[in-house]
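S.K.:
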Amino acid sequence: WNQISAVLQDSESMLADLQAYKGAGQEIRDAIQNPNDIQLQEKAWNSVCPLVVRLKRFYEFSLRLEKALQSLLESLTCPPYTPTQHLEREQALAKEFAEILHFTLRFDELKMRNPAIQNDFSYYRRTISRNRINNMHLDIENEVNNEMANRMSLFYAEATPMLKTLSNATTHFVSENKTLPIENTTDCLSTMASVCKVMLETPEYRSRFTSEETLMFCMRVMVGVIILYDHVHPVGAFSKTSKIDMKGCIKVLKEQPPDSVEGLLNALRFTTKHLNDESTSKQIRAMLQ
Numbered sequence: 001w002n003q004i005s006a007v008l009q010d011s012e013s014m015l016a017d018l019q020a021y022k023g024a025g026q027e028i029r030d031a032i033q034n035p036n037d038i039q040l041q042e043k044a045w046n047s048v049c050p051l052v053v054r055l056k057r058f059y060e061f062s063l064r065l066e067k068a069l070q071s072l073l074e075s076l077t078c079p080p081y082t083p084t085q086h087l088e089r090e091q092a093l094a095k096e097f098a099e100i101l102h103f104t105l106r107f108d109e110l111k112m113r114n115p116a117i118q119n120d121f122s123y124y125r126r127t128i129s130r131n132r133i134n135n136m137h138l139d140i141e142n143e144v145n146n147e148m149a150n151r152m153s154l155f156y157a158e159a160t161p162m163l164k165t166l167s168n169a170t171t172h173f174v175s176e177n178k179t180l181p182i183e184n185t186t187d188c189l190s191t192m193a194s195v196c197k198v199m200l201e202t203p204e205y206r207s208r209f210t211s212e213e214t215l216m217f218c219m220r221v222m223v224g225v226i227i228l229y230d231h232v233h234p235v236g237a238f239s240k241t242s243k244i245d246m247k248g249c250i251k252v253l254k255e256q257p258p259d260s261v262e263g264l265l266n267a268l269r270f271t272t273k274h275l276n277d278e279s280t281s282k283q284i285r286a287m288l289q
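Heads up: the sequence shown at position 58 corresponds to 58 in full-length UniProt numbering, and the numbers run straight through without jumps.
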């Protein structure tokens, strides 16, 4: 459990770091517009390198998050208890699971709003490959080698990279544990989604939310478990047989100020697996248009 609480402790500084990420847009533009000005090239390169080291740190954190999620899922799904019993018996674990999802959606919301990340990284890759042609070895390659850069590229190319990491981890968990009924995992996720939805739509629970942050916490967790469910469940979260009331969940989100839920609705639009299936009702698709 220490592993999980260590991950959660570090998650706040990761978010603060991402929030403060300004990018090297201006320096890169100057360098590209003046290709023969060596000073401007160096200035852009020296601005980008520390940013790439920071992006590597975020990527490495996603790997720790993946491990933490897998050990949580093991504990929350193992026999003989039902998912609901697990969530009741191990509330501390359920809360840690919720906090991981909360972090993930906050990270991805910030990343979605920050085009500098991909601009900086692609400038970095272009510069590195240009220098390889000229046989120049740059110090930073000791820190971010080619294989690492390839993996980071795939990670940052995702609209919601942390969520993608978690949904891959959940899918991997289910396929690794063939003896564990898949319902153990999907019921754990759908139960959490229902708890969040009830808390959000019931006035007496809602009035207990002391702050905007608690409300957002609940909404992010709900969206996070829906997305994981949609990736793991054979027919997904949007089908008629799904144990998640998707209309109810989307309705709750749509009742909030648009600014605060745009990132969450986008996550449902772009990171789910089954939204565009034939079997998804037109009504649900229209709600997410």
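The beta-carbon is built from N, C-alpha and C at its ideal position, and this holds for glycine as well. Note that the structure is predicted; figures quoted are calculated from it, not measured.
C49 to Q85, Cα distance in whole Å?
M.R.: Distance between the alpha carbons of C49 and Q85: 49 Å.
S.K.: Hey, M162 and K56: beta-carbon distance below 8 Å or not?
M.R.: Here M162 is not near K56, since their CB atoms are 8 Å or more apart.
S.K.: Whose C-alpha, out of P79, R54, L40 and D10, is nearest the C-alpha of T185?
M.R.: P79
S.K.: Determine whether the beta carbon atoms of K107 and M219 lie at a separation below 8 Å.
M.R.: Residue identity check: residue 107 is Phe in the sequence provided, not Lys. No, these two residues do not count as a Cβ contact at 8 Å.
S.K.: So, for Q118: in the same chain, excluding its five sequence neighbours on each side, which residues have a beta-carbon less than 8 Å away from its beta-carbon?
M.R.: Y156 and A157.
S.K.: Do I244 and A286 have their CB atoms nearer than 8 Å?
M.R.: No, the Cβ-Cβ distance between I244 and A286 is not below 8 Å.
S.K.: Can you tell me whether Y205 is buried or exposed, with buried defined as 16 or more other CB within 10 angstroms of its CB?
M.R.: exposed
S.K.: Which first and last residues belong to the alpha helix (DSSP H) in which S71 is found?
M.R.: I38 to T77
S.K.: Determine, using beta carbons only, whether A68 and Q9 come nearer to each other than 8 Å.
M.R.: In this structure, A68 sits away from Q9, with a CB-CB distance that is not shorter than 8 Å.
S.K.: Between which two residues does the alpha helix (DSSP H) holding R151 run?
M.R.: N146 to A157
S.K.: Just to check my reading of the structure: P83 and D187 have Cβ atoms closer than 8 Å, yes? What is that Cβ distance to the nearest angstrom?
M.R.: That belief holds up - the Cβ atoms of P83 and D187 are roughly 4 Å apart, short of 8 Å.
S.K.: Between which two residues does the alpha helix (DSSP H) carrying G248 extend?
M.R.: M246 to K254
S.K.: Is the separation between the beta-carbon of K247 and that of I284 shorter than 8 Å?
M.R.: yes
S.K.: Please list the terminal residues of the continuous alpha helix (DSSP H) segment that includes D187.
M.R.: I182 to E201
S.K.: Drop a sphere of 10 angstroms on the beta-carbon of K164, count the other beta-carbons inside from all chains shown, and report buried for 16 or more, exposed for fewer.
M.R.: buried
S.K.: Reducing DSSP to helix, strand and coil, say where F238 ends up.
M.R.: F238 falls in the coil class under three-state DSSP.
S.K.: Using the Cα positions of L40 and L268, report the straight-line distance between them to the nearest angstrom.
M.R.: Rounded to the nearest whole angstrom, the C-alpha separation of L40 and L268 is 42 Å.
S.K.: Report the rounded CA-to-CA distance for K111 versus T170, giving the unit in angstroms.
M.R.: 22 Å
S.K.: Just to confirm before moving on: does the CB-CB distance between G236 and L105 stay below 8 Å?
M.R.: no
S.K.: Which residue marks the beginning of the alpha helix (DSSP H) containing Y229, and which one marks its end?
M.R.: E212 to V232 is the extent of the alpha helix (DSSP H) around Y229.
S.K.: Grouping DSSP H, G and I as helix and E and B as strand, with all else coil, what is K111?
M.R.: helix
S.K.: Once you ignore the five residues that flank Q19 on each side, which residues in its own chain have a CB closer than 8 Å to its CB?
M.R.: L110
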